[in-house]
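According to our numbering, the residues represented by the sequence shown are 1 to 348, in order. The block underneath contains the structure these notes are about, expressed in structure tokens.
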Amino acid sequence: MALAACGGAPPAGEPARPSAPPAASNAQPPTTKTALAALDVDPVAVALGRTQPGSSDDAASLAKARTGVKQLCDEGLAKADALLAAIRLAGKKPDAELRWDNTIALLDQAHLALRNGGDFPGLLAVAHPDEQTREIAKACEPKTEKLETGMWLDAEVAAVVKRYAAKKEQLSPPRARLLERVLRDFRRNGLDLEPAKQARIRELNELITKGAQDFDSNIAASKLFIDATPAELEGLPAEWLAAHPAGPNGTIRVSTDYPDYFPVITYAKNRSVALALYKQFDNRAADKNLALLDRILALRHEKAKLLGYATWADYVIEPRMAKDAKTVAGFLEGLRKHSAKKAAVELA
């Protein structure tokens, strides 16, 4: 999701967008069709998202998508839950019988099952053309988040992992790194907090997930427009122009939907038109999302403070190369100084 990119979880959501309107391109888009590649995920997912509106098998495709996305989510969560149970069962063994394959490997597989069960539904929740399919997919994320939060706050699972780590077995560099990060992530997700604070972490994670979902849904539902004359849209492919005839007033209505947005941003020779559409694109759902964003930021700040960090930025950046917000701020300030003259010319 868009907001996930700013948090501790892997992003999965809104496609990357340009940070500024790019220069017009003279290259025309290819006209040949390419075959769809099979999705490299659970086979259940191959049937999802293939609906062709208006085709004879549209209803069957929709039914398959609606049942398939729920099945994909439920099976992923069930698999993760079973793997965590297996770790707890391993905890009944003596230390001598705790091995990589019945501790860390199972935890890694549980996390993968969560991602496989949740990431693709997360995409369909904002990208599938059918509203009912989107709602079914959207229901998966809170369940995934709840189980993942529980995994990192599971004292029984953590105790098994720590017992194995205490054996200090000789591990390959990749395995040693994974073990180090697993122990770190138990701490970062609140395992060492007192029960009342852990309960609040669970609440905050649920609220942040719900806020992020609403944020993305608001953007997906928003559609803004600009009106431009055919002359102002010079450079657009002939096929695109043919599909967008001018109205009675002689102008063409261009929306912020991707099939309109990216061709205009890329090919329009009139960069003022491209800039106008870019501004509309970046202001989608602003009427709803500005207040929502303030709420999410407050929740994130509370979570960071509970976990012992000065700011949400410090929490998010800690496992990354920069390590803390101060380092990032210094880098950005240096970048600003070195690019100021060039930026002034481009923005003039």
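Even for Gly, the Cβ is constructed at its ideal location relative to N, Cα and C.
(Q) Cutting at 8 Å between CB atoms, please list the residues of its own chain near residue 147, excluding the five before and the five after it. (A) So the qualifying residues of the chain are 77, 80, 81, 114.
Q.
Tell me the residue span of the alpha helix (DSSP H) that contains residue 192.
A. No alpha helix (DSSP H) contains residue 192, which DSSP labels as neither H nor E.
Q. Around the Cβ of residue 349, are there at least 16 other Cβ atoms within 10 angstroms (buried) or fewer (exposed)?
A. Residue 349 lies beyond the range of the chain shown here (1 to 348); nothing can be said about it.
Q: Taking only the alpha-carbon atoms, compute the straight-line gap between residue 272 and residue 255 and give it to the nearest angstrom.
A: Cα-Cα distance, rounded: 16 Å.
Q | Under the three-state DSSP convention, the category residue 162 falls into | A | Note: residue 162 maps to helix in three-state DSSP.
Q) Sorry if obvious, but does the Cβ on residue 215 come closer than 8 Å to a heavy atom of the ligand MG? A) In terms of ligand content, the structure shown is empty, and the ligand MG therefore cannot be addressed.
Q) Residue range of the alpha helix (DSSP H) that residue 222 falls in? A) In this chain, residue 222 is not harboured by any alpha helix (DSSP H), its DSSP state being neither H nor E.
Q: Using only alpha-carbon positions, find the residue among 67, 338, 307, 342 that is nearest to residue 189.
A: Minimum Cα distance to residue 189 is reached at 307.
Q) Is the distance from the Cβ of residue 90 to the Cβ of residue 106 below 9 Å? A) Contact: yes.
Q. Roughly how far, in whole angstroms, is the beta-carbon of residue 230 from the beta-carbon of residue 263, given that I think they are within contact range, below 8 Å?
A. In fact, because the Cβ distance is near 14 Å, the residues do not count as touching under 8 Å.
Q) In terms of residues, what are the limits of the alpha helix (DSSP H) holding residue 336? A) From DSSP, the alpha helix (DSSP H) with residue 336 extends over 325-347.
Q | Beta-ladder partner(s) of residue 253, from DSSP | A | Answer is 227.
(Q) Let's see if you can read the secondary structure: which residues bound the alpha helix (DSSP H) around residue 298? (A) 286-306 is the extent of the alpha helix (DSSP H) around residue 298.
Q.
On the criterion of 16 or more Cβ atoms from any shown chain inside 10 Å, does residue 33 qualify as buried, or is it exposed?
A. Confidence at residue 33 is low in this model, with a pLDDT of 45, below 50, so its placement is unreliable and the value that follows should be read with caution. The residue is exposed, with fewer than 16 neighbouring Cβ atoms inside 10 Å.
Q) Quick one, which of 235, 252, 193, 65 has its alpha-carbon nearest residue 303's? A) The shortest Cα separation from residue 303 among 235, 252, 193, 65 belongs to 193.
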